[in-house]
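*Asks:*
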Amino acid sequence: MTPEEAAGEETAALATSEAELASCGTWSGWTNTGASSCKPNSACGNYWRCEPRLAPEAAPALDDGPQQRPPVCPSGQVAVMYYELGMYNQQSQYRVCFDSAGNYTHTEWQYQNVSGGCSGC
């Protein structure tokens, strides 16, 4: 089974189980969980590094942003652009679900990561 087929089956199963519920409340607002991580962030700038030649498909694509000029690299190497690290904060939201008799059944959670700026990493 391909990943796409598996995702389709999972989505169908989830839709069926949600349809069997009497109701779920509305989603709460997003709140910070306190968890954070440092990941490459295009808003934090970029830098270039000379590396051994890569296969063309392995090289990162450049967008239309304000990249610096790539350096002239020694023979056998190619300039590769990397984004500087930025802080990401994890947020969560939830909703409470009930059966047709009005009894609590479960709580559903969603998570997202939002940019927390370019310092602190």
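Numbering follows our numbering, in which position 33 of the sequence shown is assigned residue number 34; successive positions increment by one, without gaps. Even glycine gets a Cβ: it sits at the ideal position worked out from N, Cα and C. This one's a predicted model, so the numbers in the text were calculated from it and none came from an experiment.
So proline 53 is in the beta strand (DSSP E); what residue range does that whole segment cover?
*Replies:* Numbered from its first residue, the sequence shown carries residue 53 at position 52. Taken as a continuous stretch (DSSP letters only), the beta strand (DSSP E) holding proline 53 covers 47-53.
*Asks:* Grouping DSSP H, G and I as helix and E and B as strand, with all else coil, what is glutamate 85?
*Replies:* The residue you call residue 85 lines up with position 84 of the sequence shown. Of the three classes helix, strand and coil, the one that applies to glutamate 85 here is coil, per DSSP.
*Asks:* Rounded to whole angstroms, what is the Cα-Cα separation between glycine 117 and alanine 36?
*Replies:* Your numbering for residue 117 matches position 116 in the sequence shown. Your numbering for residue 36 matches position 35 in the sequence shown. If I take the Cα positions, the gap works out to 11 Å.
*Asks:* I need the straight-line Cα distance from tryptophan 49 to asparagine 104, nearest angstrom please.
*Replies:* To locate residue 49, count along the sequence shown from 1; it is residue 48. To locate residue 104, count along the sequence shown from 1; it is residue 103. About 58 Å.
*Asks:* In angstroms, rounded to a whole number, what distance separates the CA positions of histidine 107 and serine 29?
*Replies:* Counted from its first residue, the sequence shown places residue 107 at position 106. Counted from its first residue, the sequence shown places residue 29 at position 28. Using only the alpha carbons, I get a separation of about 15 Å.
*Asks:* On the criterion of 16 or more Cβ atoms from any shown chain inside 10 Å, does tyrosine 89 qualify as buried, or is it exposed?
*Replies:* Position 88 of the sequence shown, counted from the start, is the residue given in the question as residue 89. So tyrosine 89 counts as buried.
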